[in-house]
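Protein chains in written order, with the numbering used here: chain A, 96 to 666; chain B, 96 to 666. Every residue gets a Cβ at the ideal spot worked out from N, C-alpha and C, and that includes glycine. These numbers were taken from a predicted model, which means no experiment stands behind them.
Number of protein chains: 2
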Amino acid sequence: MKARLWMPDWVGQYRREWVSGDLVAGLIVSVMLIPQSLAYALLAGLPPQVGLYASVLPLVAYALFGSSMTLAVGPVAVISLMTASALAPLAAAGSADYLALAVLLALLSGVILLMAGVLRLGFLAYFLSHSVISGFISGSAILITLGQLKYLLGAPLPSGSALDILNALPDALSHINPTAAAIGVSAIVFLVFARSWLPRMLMALGVGKAASELLGRLAPMLSVVIATAYSALNQVDQSAQVSIVGAVPAGLPGLSVPGIDMQVLRALALPALLISLVGFVESVSVAQSLALKRGERLSPNKELIGIGVANMASAISGGFPVTGGFARSVVNFDAGARSPAAGIVSAIVMSIVIVSMTRWFHYLPHAVLAATIIVAVLTLVDLKAISETWRYDRADAVAMLLTFAGVLLLGVEEGILVGVAMSLAVLVWRSSHPHMAVVGRVPGSEHFRNIDRHEVQTLPGLIALRVDESLYFANAQVVEAKIERLVQEHPDTRCLLLIMSAVNQLDTTALQMLIQLEASLSARGVTLQFAEIKGPVLDKLKSSELGAKMRDRIFLSTHQAFNAFAPQAHR
Amino acid sequence: MKARLWMPDWVGQYRREWVSGDLVAGLIVSVMLIPQSLAYALLAGLPPQVGLYASVLPLVAYALFGSSMTLAVGPVAVISLMTASALAPLAAAGSADYLALAVLLALLSGVILLMAGVLRLGFLAYFLSHSVISGFISGSAILITLGQLKYLLGAPLPSGSALDILNALPDALSHINPTAAAIGVSAIVFLVFARSWLPRMLMALGVGKAASELLGRLAPMLSVVIATAYSALNQVDQSAQVSIVGAVPAGLPGLSVPGIDMQVLRALALPALLISLVGFVESVSVAQSLALKRGERLSPNKELIGIGVANMASAISGGFPVTGGFARSVVNFDAGARSPAAGIVSAIVMSIVIVSMTRWFHYLPHAVLAATIIVAVLTLVDLKAISETWRYDRADAVAMLLTFAGVLLLGVEEGILVGVAMSLAVLVWRSSHPHMAVVGRVPGSEHFRNIDRHEVQTLPGLIALRVDESLYFANAQVVEAKIERLVQEHPDTRCLLLIMSAVNQLDTTALQMLIQLEASLSARGVTLQFAEIKGPVLDKLKSSELGAKMRDRIFLSTHQAFNAFAPQAHR
Numbered sequence: 096m097k098a099r100l101w102m103p104d105w106v107g108q109y110r111r112e113w114v115s116g117d118l119v120a121g122l123i124v125s126v127m128l129i130p131q132s133l134a135y136a137l138l139a140g141l142p143p144q145v146g147l148y149a150s151v152l153p154l155v156a157y158a159l160f161g162s163s164m165t166l167a168v169g170p171v172a173v174i175s176l177m178t179a180s181a182l183a184p185l186a187a188a189g190s191a192d193y194l195a196l197a198v199l200l201a202l203l204s205g206v207i208l209l210m211a212g213v214l215r216l217g218f219l220a221y222f223l224s225h226s227v228i229s230g231f232i233s234g235s236a237i238l239i240t241l242g243q244l245k246y247l248l249g250a251p252l253p254s255g256s257a258l259d260i261l262n263a264l265p266d267a268l269s270h271i272n273p274t275a276a277a278i279g280v281s282a283i284v285f286l287v288f289a290r291s292w293l294p295r296m297l298m299a300l301g302v303g304k305a306a307s308e309l310l311g312r313l314a315p316m317l318s319v320v321i322a323t324a325y326s327a328l329n330q331v332d333q334s335a336q337v338s339i340v341g342a343v344p345a346g347l348p349g350l351s352v353p354g355i356d357m358q359v360l361r362a363l364a365l366p367a368l369l370i371s372l373v374g375f376v377e378s379v380s381v382a383q384s385l386a387l388k389r390g391e392r393l394s395p396n397k398e399l400i401g402i403g404v405a406n407m408a409s410a411i412s413g414g415f416p417v418t419g420g421f422a423r424s425v426v427n428f429d430a431g432a433r434s435p436a437a438g439i440v441s442a443i444v445m446s447i448v449i450v451s452m453t454r455w456f457h458y459l460p461h462a463v464l465a466a467t468i469i470v471a472v473l474t475l476v477d478l479k480a481i482s483e484t485w486r487y488d489r490a491d492a493v494a495m496l497l498t499f500a501g502v503l504l505l506g507v508e509e510g511i512l513v514g515v516a517m518s519l520a521v522l523v524w525r526s527s528h529p530h531m532a533v534v535g536r537v538p539g540s541e542h543f544r545n546i547d548r549h550e551v552q553t554l555p556g557l558i559a560l561r562v563d564e565s566l567y568f569a570n571a572q573v574v575e576a577k578i579e580r581l582v583q584e585h586p587d588t589r590c591l592l593l594i595m596s597a598v599n600q601l602d603t604t605a606l607q608m609l610i611q612l613e614a615s616l617s618a619r620g621v622t623l624q625f626a627e628i629k630g631p632v633l634d635k636l637k638s639s640e641l642g643a644k645m646r647d648r649i650f651l652s653t654h655q656a657f658n659a660f661a662p663q664a665h666r
Numbered sequence: 096m097k098a099r100l101w102m103p104d105w106v107g108q109y110r111r112e113w114v115s116g117d118l119v120a121g122l123i124v125s126v127m128l129i130p131q132s133l134a135y136a137l138l139a140g141l142p143p144q145v146g147l148y149a150s151v152l153p154l155v156a157y158a159l160f161g162s163s164m165t166l167a168v169g170p171v172a173v174i175s176l177m178t179a180s181a182l183a184p185l186a187a188a189g190s191a192d193y194l195a196l197a198v199l200l201a202l203l204s205g206v207i208l209l210m211a212g213v214l215r216l217g218f219l220a221y222f223l224s225h226s227v228i229s230g231f232i233s234g235s236a237i238l239i240t241l242g243q244l245k246y247l248l249g250a251p252l253p254s255g256s257a258l259d260i261l262n263a264l265p266d267a268l269s270h271i272n273p274t275a276a277a278i279g280v281s282a283i284v285f286l287v288f289a290r291s292w293l294p295r296m297l298m299a300l301g302v303g304k305a306a307s308e309l310l311g312r313l314a315p316m317l318s319v320v321i322a323t324a325y326s327a328l329n330q331v332d333q334s335a336q337v338s339i340v341g342a343v344p345a346g347l348p349g350l351s352v353p354g355i356d357m358q359v360l361r362a363l364a365l366p367a368l369l370i371s372l373v374g375f376v377e378s379v380s381v382a383q384s385l386a387l388k389r390g391e392r393l394s395p396n397k398e399l400i401g402i403g404v405a406n407m408a409s410a411i412s413g414g415f416p417v418t419g420g421f422a423r424s425v426v427n428f429d430a431g432a433r434s435p436a437a438g439i440v441s442a443i444v445m446s447i448v449i450v451s452m453t454r455w456f457h458y459l460p461h462a463v464l465a466a467t468i469i470v471a472v473l474t475l476v477d478l479k480a481i482s483e484t485w486r487y488d489r490a491d492a493v494a495m496l497l498t499f500a501g502v503l504l505l506g507v508e509e510g511i512l513v514g515v516a517m518s519l520a521v522l523v524w525r526s527s528h529p530h531m532a533v534v535g536r537v538p539g540s541e542h543f544r545n546i547d548r549h550e551v552q553t554l555p556g557l558i559a560l561r562v563d564e565s566l567y568f569a570n571a572q573v574v575e576a577k578i579e580r581l582v583q584e585h586p587d588t589r590c591l592l593l594i595m596s597a598v599n600q601l602d603t604t605a606l607q608m609l610i611q612l613e614a615s616l617s618a619r620g621v622t623l624q625f626a627e628i629k630g631p632v633l634d635k636l637k638s639s640e641l642g643a644k645m646r647d648r649i650f651l652s653t654h655q656a657f658n659a660f661a662p663q664a665h666r
């Protein structure tokens with residue numbers, strides 16, 4: 096161990112040739128981050144500067160503690176939606192209480208993530224299946240879009256579930272603000288154009304592919320600039336009652352530790368847990384796919400710590416929950432980021448924005464921010480995944496659809512809880528139904544195969560049953576019931592041979608089951624025998640009473656057990 | 096289908112020669128049931144007649160809807176303790192509100208059990224491992240014993256956790272009621288004697304083994320009769336302030352459907368769920384072991400329905416939660432019960448007791464009931480199981496000890512929740528860590544074995560990895576990480592062969608993982624290949640994009656894959 100101050104690994108390995116990539120990527124990400132941080136604060140029901148605050152210290156914290164070289168951390172759409180939905184029942188959006196709760200939520204999420212990382216619980220996140228996450232993201236994206244329509248159109252729409260908003264929509268459409276709607280819809284058209292057509296046009300004009308795509312990504316910033324200029328010149332807030340961002344306080348946030356109240360903590364505990372879970376799963380999957388592209392290693396537990404500390408940093412600087420963003424990280428990667436130094440560059444740019452540029456956002460119309468959000472999240476809706484999954488695996492598709500419907504009809508937290516419950520139910524169901532096969536001998540060989548699928552030889556009076564999974568509490572009863580049924584269906588059975596080639600573990604419940612099974616079979620004149628027990632399982636079994644009792648009935652191979660029974664079969 | 100009124104299967108199959116066995120068993124069970132039903136009502140904090148009510152209609156309901164031929168249903172110790180612990184925070188023991196809540200709890204448990212049976216969710220009960228149940232029962236038995244000391248000794252002891260009672264014990268011992276304590280301790284001595292020595296003495300006197308043991312089982316009734324007579328003759332309630340049962344209303348309960356209040360329902364939902372779970376697990380394990388002794392079939396889902404309807408019957412006749420009792424069912428079986436008609440006999444006897452004999456219980460001292468409870472539950476404490484489990488499987492022993500400690504230190508519900516959480520954690524942990532082995536060829540054969548355990552041949556540049564479990568969301572990431580690590584540790588790898596002989600399922604998450612893995616490996620010049628894919632999995636895989644891409648890289652056997660790679664290996 097070298098005696099030096101602690102610093103992240105990448106600092107020691109930093110190479111001079113990385114500087115330009117990190118610098119360019121950091122700048123480009125900042126230009127994306129400015130409109131996004133303002134927009135996601137709006138989505139979370141918070142004042143715009145809170146979005147900016149959440150884009151400084153968390154980036155530095157992640158650079159110091161995270162394990163991905165290219166993940167871009169900050170406010171993201173789904174987590175902002177979850178924040179709004181967690182806080183809505185507790186305080187009025189925009190109030191001081193609401194802000195304090197958002198800060199506390201970030202702190203709680205940070206602590207949960209950090210603890211999960213220290214306790215090495217990263218694997219727990221894998222229990223949210225791909226289908227459940229996909230259904231959750233698609234549902235959230237649609238819910239976010241519906242929620243932004245009030246800003247996009249300047250129309251009086253409620254917050255709440257998808258049904259609430261859709262119900263109010265027909266009436267609200269006759270009360271839209273034409274100027275706001277014109278600005279919002281123009282912004283959407285421009286952003287869609289910029290995303291899909293601009294890169295192709297630029298490429299046709301001879302600009303390189305990568306550069307064209309990056310320029311396309313900067314369109315949101317351009318739309319913000321144009322719309323703000325238009326809005327300021329025409330004083331649209333006065334002349335047409337268009338809702339604008341208004342005064343954004345300048346200056347870096349003071350650091351503080353949020354006050355903690357037990358009752359509030361209890362109300363925020365579940366939302367914080369769900370935000371941690373979703374934030375981690377989203378972030379780690381982006382980080383993983385980027386790391387694999389460059390053959391880098393990613394440690395899930397270190398990722399938990401990185402995002403955890405980032406959220407704690409957000410909390411002490413007056414921000415709200417953050418995580419690694421998908422689009423932003425891809426841009427960071429494509430723009431040539433080689434190390435987390437790119438994140439520090441972004442943080443510096445964002446600080447400069449906060450210190451000296453916040454007054455420029457005064458006239459920014461909310462409709463443009465809504466357009467930015469909608470265009471960003473609608474790309475997350477993956478309806479094709481539903482049909483593809485339906486074709487590939489019905490159970491997965493049902494889990495996906497239920498989570499999707501749960502988010503839209505019940506709410507964000509309820510939706511993810513539906514998903515978690517579905518995932519656990521699938522796990523429990525699967526675990527309780529191990530694959531089992533009655534086998535027979537392949538003629539002229541020592542191989543044994545499923546009698547339902549192959550032409551094999553069996554011995555009258557002998558049932559040879561192969562269990563294709565470990566025996567433990569979750570499946571012990573099902574295995575026992577299957578064996579009892581087999582013996583009852585074949586009243587001439589004199590021997591039940593259990594082939595344990597796939598049994599890696601045999602817990603206490605399974606041992607009790609085997610003891611009971613042995614007694615009940617022998618009471619009916621059926622001998623229980625074992626074959627192909629693995630070394631560690633055999634050692635364990637021998638230490639038990641059953642092992643001693645079964646001593647002469649344990650065979651090394653199914654072949655030997657068959658040969659031993661053969662004389663009786665033909666008697 | 097025959098057009099006839101619905102009736103249970105056993106009615107149609109009833110044989111004349113079963114009558115005497117059913118009659119004798121029904122009578123003997125009633126004689127056990129009288130003191131037990133009074134005692135368990137006391138344990139649940141309810142008036143004595145409620146225990147009697149819970150011993151009439153539930154028995155008839157189970158006889159009509161259950162699937163066990165010999166299960167004896169009624170109040171049992173652990174469920175009575177759970178009832179007391181569920182109701183204690185909601186109303187004062189003995190109050191009218193408390194009674195109404197007990198009835199509602201029985202109704203709720205009944206509905207939950209019935210629905211679980213109709214939805215065929217019986218398998219869920221198997222997710223409580225043997226060790227967790229054993230720890231729970233032992234802990235509950237000790238808690239019950241501590242809770243009964245106040246009646247046994249006539250001492251001022253609090254209700255609550257084991258620590259609360261133990262803390263108050265030294266002080267309470269100086270305030271015991273000497274007469275109550277004398278009665279209680281004598282009853283315990285008598286009951287222990289009757290249980291362990293009486294059968295042996297009777298056998299020495301030439302009485303048959305079965306008859307001797309049955310007579311031993313009737314000792315609690317005898318102690319009730321003797322103690323009541325003594326208590327009445329000496330008017331111990333007046334002369335020595337001994338707590339007695341007092342007036343027990345006569346007459347059968349009126350049927351009624353309990354009133355339902357949403358807030359109360361919410362408070363009782365979790366306790367009702369836990370009572371259903373524990374009641375079912377306890378009951379089905381007794382019923383199962385008795386059914387196996389006679390080679391009868393038991394349907395877990397029909398059992399759920401039977402116990403569910405029994406609880407609903409208890410509720411509408413003013414009773415509290417019931418389930419199948421262990422000791423009582425064994426006595427029923429040993430006394431020769433052949434069909435649920437024995438239960439109907441018991442129900443008739445209990446009705447007669449309620450109509451015409453309740454005044455006989457007036458002078459029954461609470462200390463005798465406490466003695467009955469203590470002697471019954473202390474046999475459930477299985478400390479040997481802890482040491483045996485510790486030797487056989489450490490993880491199981493830890494789960495057992497934590498559940499045991501949870502019941503004693505935190506409470507009954509908390510204890511069972513600790514157990515459920517432990518069971519789920521074990522399931523999740525196990526599922527996320529599939530067994531995997533890098534294999535090589537056994538020289539001169541077509542067999543492949545783990546390179547860590549056998550002397551086998553490998554090919555330079557080829558890693559052959561066998562996954563010993565289905566691939567699905569819970570283990571996909573772990574398998575991917577293992578493969579990535581393997582390839583990084585062997586930089587000369589050119590081919591990664593995944594042997595899928597144990598893969599019975601491949602869900603969407605696992606498919607996505609394989610797609611990502613294939614891309615990431617091929618980016619590093621490593622070819623992904625599959626071998627020994629099972630038929631159903633192969634069909635599914637072929638329908639996906641990955642299947643098409645991998646077409647030429649799927650081998651029937653590991654042997655073929657090895658042969659195909661061999662020329663490259665030696666290049």
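In this structure, B:A569 places its C-beta atom within 8 Å of the C-beta atom of A:F222. Residue environment analysis places A:T498 among the buried positions, since at least 16 neighbouring C-beta atoms fall within 10 angstroms of its C-beta. Around the Cβ of A:S371, a 10 Å sphere holds 16 or more other Cβ atoms; the residue is buried. CA-CA distance, A:D356 to B:I260, rounds to 32 Å.
For A:S190, no chain B residue has a Cβ inside 8 Å of its Cβ, as the nearest lies near 30 Å away. Interface annotation, B:A516: not in contact with chain A, CB-CB separation never under 8 Å.
Within the stretch 554 to 591 of chain B, the complete alpha helix (DSSP H) segments of 4 residues or longer fall at 568 to 584, listed in chain order.
Going by DSSP, A:A532 is part of the beta strand (DSSP E) stretching over M531 to R536. In this structure, DSSP gives B:I649 an extended state, which the three-state scheme calls strand. Beta bridge pairing from DSSP links B:R544 with B:G535.
Beta-bridge partners assigned by DSSP to A:L593: A:L560 and A:F625. Across the structure, A:L478 and A:S233 are spaced so that their CA atoms are roughly 8 Å apart.
Around the beta carbon of A:M595, 16 or more other beta carbons lie within 10 angstroms, which makes this residue buried. Around the C-beta of A:F650, 16 or more other C-beta atoms lie within 10 Å, and the residue is accordingly described as buried. A distance below 8 Å separates the beta carbons of B:G556 and B:D587. By the Cβ-count criterion, A:H461 is buried, with 16 or more other Cβ atoms from all chains shown falling within 10 Å of its own Cβ. Per DSSP, the beta-bridge partners of A:V168 are A:G419.
Nearest in C-alpha terms to A:G121, of all of A:L560, A:F428, A:A643 and A:L554, is A:F428.
Taking all protein chains in view, the Cβ of B:Q336 is surrounded by fewer than 16 other Cβ atoms within 10 Å, so the residue is classified as exposed. Counting only residues of its own chain and dropping the five nearest sequence neighbours on each side, A:T165 has a CB closer than 7 Å to the CB of L385, S424, N427, F428 and A432.
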